[in-house]
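S.K.: The letter at position 274 of the sequence shown is residue 330 when you use our numbering, and the numbering goes up by one with no holes. All C-beta atoms in this analysis are idealised placements derived from N, C-alpha and C, irrespective of residue type, glycine included.
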Amino acid sequence: MKITEVQAIHLSVPHKKSGPEVPFVWGRLHQVIVEIKCDDGLVGYGEAFGYGIPHAVTALVNHTLRPLLVGENASDITGMIATLFQKSHIWGRYGATIFAISGVEIALWDLAGKRAGKPLYELLGGAASREVKAYASLVRYQEEDPLIAEHAARAKKEGYEMIKIHQNEVESVALAREAIGGDTPLTVDINCLWTPLEATRRAIAMDDYELTWLEEPVWPPEDYDGLADVQESSGVPLASGENACTAFQFHRMLEAGAVSYVQPSVTKVGGIGEFLKVAALAQTYNVALAPHSPYFGPGFLATLHLIAHTRQAKWIEKIYFDLEADLFASPLEPRNGVYTLPDGPGLGLDVNQDTLREFRAEE
Ligand SMILES: [Mg+2]
Numbered sequence: 057m058k059i060t061e062v063q064a065i066h067l068s069v070p071h072k073k074s075g076p077e078v079p080f081v082w083g084r085l086h087q088v089i090v091e092i093k094c095d096d097g098l099v100g101y102g103e104a105f106g107y108g109i110p111h112a113v114t115a116l117v118n119h120t121l122r123p124l125l126v127g128e129n130a131s132d133i134t135g136m137i138a139t140l141f142q143k144s145h146i147w148g149r150y151g152a153t154i155f156a157i158s159g160v161e162i163a164l165w166d167l168a169g170k171r172a173g174k175p176l177y178e179l180l181g182g183a184a185s186r187e188v189k190a191y192a193s194l195v196r197y198q199e200e201d202p203l204i205a206e207h208a209a210r211a212k213k214e215g216y217e218m219i220k221i222h223q224n225e226v227e228s229v230a231l232a233r234e235a236i237g238g239d240t241p242l243t244v245d246i247n248c249l250w251t252p253l254e255a256t257r258r259a260i261a262m263d264d265y266e267l268t269w270l271e272e273p274v275w276p277p278e279d280y281d282g283l284a285d286v287q288e289s290s291g292v293p294l295a296s297g298e299n300a301c302t303a304f305q306f307h308r309m310l311e312a313g314a315v316s317y318v319q320p321s322v323t324k325v326g327g328i329g330e331f332l333k334v335a336a337l338a339q340t341y342n343v344a345l346a347p348h349s350p351y352f353g354p355g356f357l358a359t360l361h362l363i364a365h366t367r368q369a370k371w372i373e374k375i376y377f378d379l380e381a382d383l384f385a386s387p388l389e390p391r392n393g394v395y396t397l398p399d400g401p402g403l404g405l406d407v408n409q410d411t412l413r414e415f416r417a418e419e
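(1) Let me check one thing: in DSSP terms, what residues is SER193 bridge-paired to?
(2) Can the beta-carbon of GLU187 be found closer than 7 Å to that of GLY353?
(3) Determine whether the beta carbon atoms of LEU176 and LEU403 lie at a separation below 7 Å.
(4) Opposite GLY100 in the DSSP bridges: which residues?
(5) Can you tell me whether ASP245 sits near ligand 1, meaning its C-beta is under 6 Å from at least one heavy atom of the ligand?
(6) Using the DSSP secondary-structure output, state which residues sit across from THR396 in a beta bridge.
(7) To the nearest angstrom, how far is the alpha carbon of THR289 from that of CYS94?
(8) Does the structure place the segment 153-172 close enough to the segment 351-368 that three or more beta carbon pairs sit under 8 Å?
(9) What span of residues does the alpha helix (DSSP H) with TRP422 cover, start to end?
(10) Between which residues of its own chain and GLU298 is the CB-CB distance below 6 Å, once the five residues before and five after are set aside?
(11) Would you mind working out which of ALA255, ILE133 and VAL90 sits nearest GLY282, comparing C-alpha positions?
(12) Write down the C-beta distance between VAL113 and ALA64 rounded to the nearest angstrom, noting that I regard them as a contact closer than 8 Å.
(13) In or out: LEU379 buried (at least 16 other Cβ within 10 Å) or exposed?
(14) Identify, in the order they occur along the chain, each residue of the same chain with its Cβ nearer than 7 Å to the Cβ of GLY393, setting aside the five sequence neighbours on each side.
(15) On the criterion of 16 or more Cβ atoms from any shown chain inside 10 Å, does THR243 qualify as buried, or is it exposed?
(16) How about LYS170 and GLY127: are their beta carbons less than 7 Å apart?
(17) Below 8 Å, how does it come out for the segment 119-126 and the segment 190-201: are there three or more Cβ pairs, yes or no?
(18) Note the first and the last residue of the continuous alpha helix (DSSP H) segment covering VAL126.
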């Protein structure tokens with residue numbers, strides 16, 4: 057089973073106009089989809105973290121990784137990924153290089169499932185249930201924007217069991233808490249802004265509104281000792297990991313006692329194999345798993361399979377907006393805040409080739 061073709065496709069899809077209004081700066085979502093073809097006619101799809109750097113990640117797959125992959129045996133996922141890690145390390149062990157490898161790795165697993173005629177979760181060892189609960193991850197709004205309350209309440213009504221907001225001020229946290237009531241779990245994502253001292257002070261203020269976790273309060277994200285200080289002195293559970301790559305960084309984070317929730321992102325951490333290593337590490341440190349997954353493509357599907365299989369995470373993150381076009385021929389929708397894992401081979405859903413053609417961005 058030889059690899060005959062590897063290409064990264066930069067998709068640029070507008071946000072959907074209907075549904076919750078999205079005060080989002082980009083207007084479109086950039087995704088990098090990795091397509092790998094084999095000599096037996098099978099095609100696998102993966103996703104590499106793209107967002108603000110789709111051109112760089114696309115180029116890394118197409119120009120740097122592709123020559124190392126074409127002609128190789130697609131079944132040897134572990135060996136091939138180890139080779140990519142080794143041969144690419146001088147271009148960066150953390151960041152875009154690993155995002156590109158993640159996309160390739162997910163596509164190889166999709167191919168493996170398709171070859172075996174089994175869904176990914178079965179290849180990994182099975183799942184107790186195909187149902188995965190989701191939490192609604194609201195985008196960042198202006199300070200004290202009434203939309204925070206409106207969208208938080210709407211998400212709760214739609215069945216999401218937990219709400220996450222991306223606000224930095226305690227007033228907005230108060231708005232969200234008031235909108236969803238006292239019994240619904242609430243988390244706040246800061247996206248790496250504060251010094252440890254400032255983070256401790258603000259964490260204590262926000263904790264009046266009963267946070268399930270406070271996410272990435274400290275700059276820089278790899279200041280694991282700083283995070284540990286904040287968690288220790290504020291008593292507020294912290295979450296972090298979407299900016300960490302490979303199990304090595306997560307090991308340091310856990311060793312420092314930095315967090316109560318680790319958040320590997322399958323399109324950034326190194327792919328499915330690396331995600332599983334992080335999940336195993338988290339288990340040994342008795343720390344919860346809360347994956348980062350604001351995705352719509354293969355990255356989201358892979359995360360669903362991983363959550364169902366590992367049973368270490370309570371929820372999958374669903375970014376709370378929709379896109380004009382779905383990458384999959386039969387879109388996956390949550391019902392009452394719950395996703396049912398597709399059981400088709402590989403990641404489980406067929407890619408809509410019209411979406412790939414129509415929304416492919418110029419490189
Ligand atoms: Mg986050």
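M.R.: Taking the definition as stated:
(1) LYS220 and ILE375
(2) no
(3) yes
(4) ILE92
(5) yes
(6) GLU187
(7) The sequence given here has Ser at residue 289, not Thr. Distance between the alpha carbons of SER289 and CYS94 is about 54 Å.
(8) yes
(9) What is shown of the chain runs 57 to 419, which leaves residue 422 out entirely.
(10) GLN319, SER321 and HIS348
(11) ALA255
(12) 7 Å
(13) buried
(14) LYS189, ALA190, GLU214, GLY215, TYR216 and GLU217
(15) buried
(16) no
(17) no
(18) First-last for VAL126: undefined, no H or E at that position.
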